[in-house]
Each structure stands twice: as C-alpha cells, then as structure tokens.
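Novice:
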Amino acid sequence: MRRQRDVLVKDMFGEPAWDMLLELFIAEAEGRPTPVKNLCLAACASVSTALRRLDCLVEAGLVGKVDDATDARRSLIQLTDRGMGVMTMLLQYEVFERLPAEGGHRQSHHVSQK
0 MRRQRDVLVK
10 DMFGEPAWDM
20 LLELFIAEAE
30 GRPTPVKNLC
40 LAACASVSTA
50 LRRLDCLVEA
60 GLVGKVDDAT
70 DARRSLIQLT
80 DRGMGVMTML
90 LQYEVFERLP
100 AEGGHRQSHH
110 VSQK
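Just so it is clear: in the sequence shown, position 45 is 44 by numbering that gives the first Met the number 0, and no numbers are missing.
1. Provide the residue(s) that pair with Lys-64 in DSSP beta bridges, ordered along the chain.
2. Between Ser-47, Leu-40, Leu-75, which lies nearest to Gly-30 when the distance is taken from Cα to Cα?
3. Using 10 angstroms around the beta-carbon of Pro-99, count the other beta-carbons present and answer buried if the total reaches 16, otherwise exposed.
4. Alpha carbon to alpha carbon, how far is Glu-93 from Met-19?
5. Quick one: residues in its chain with C-beta nearer than 8 angstroms to the C-beta of Asp-39, no 5 flanking neighbours on either side, listed in chain order?
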C-alpha cells in the first residue's frame with residue numbers, strides 16, 4: 000500500500016500533498032470546509048511549497064477550489080469525486096493489508112496462471 004500511495008501521491012506530488020489529501024478526506028467525513036490556509040498548515044511545509052502542491056493536485060483533478068460563500072476573500076478546497084475515489088481506494092487497501100487472515104496470516108490474492 001505504501002508503495003502504491005507513494006507512486007500515486009508522494010512520488011508524483013511530494014509528502015505535503017499526501018498530508019493535504021488526508022486532511023481533505025477527514026474534513027469531508029466530518030462535513031467541515033477546508034480553507035486554503037488550513038490546508039497549507041496541514042501540509043507541514045512552507046506556504047509556497049504547499050501552494051505548489053495544491054496546484055498540482057488541482058491539475059491532477061484530485062481537488063477543486065470553490066468560493067467561500069461566507070467570506071469572499073478566501074477559497075475552500077475539497078476533494079473531487081476522483082480524489083475521493085482515489086483516497087477511499089488507498090485507505091481501504093491500507094486497512095485490508097493490515098488485517099490478519101484466518102490463522103494469523105494474510106492470504107495472497109494473486110491468481111495463479113496455469
């Protein structure tokens with residue numbers, strides 16, 4: 000899973016992007032808006048680095064910007080349907096990979112080709 004995550008997110012955008020995607024996923028689950036400023040803080044990176052990563056995530060179609068209806072000076076960031084799908088898949092896979100199978104060993108899900 001970590002390798003898949005790294006290929007899809009970290010290698011593509013860097014660790015701050017993964018932190019942003021996790022923050023957005025949690026915010027979505029909690030039903031709370033995510034202003035750009037909060038997302039930059041979640042990235043644990045400089046503002047300029049966080050904004051560059053955010054632009055990459057927007058270009059990749061994983062997140063989108065919307066105007067804040069309560070404050071015209073700021074934008075809110077949210078996962079797109081694609082971003083939500085990717086995060087759901089990655090997190091489900093991560094949980095599945097950590098679950099022990101019957102007998103305490105995880106079974107291989109590879110189908111042998113004969």
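Think of the CB as a built atom: it goes at the ideal place given N, C-alpha and C, for glycine as much as any other residue. On a predicted model such as this, the values are computed, not experimentally measured, just so you know.
Specialist: In short, the structure shows the following:
1. Ile-76
2. Leu-75
3. With fewer than 16 other Cβ atoms within 10 Å, it is exposed.
4. 18 angstroms
5. The amino acid occupying residue 39 in the given sequence is Cys; Asp does not appear at that position. If we look at Cys-39 and ignore the five residues flanking it on each side, its Cβ neighbours are Val-46, Ala-49, Leu-50, Leu-53.
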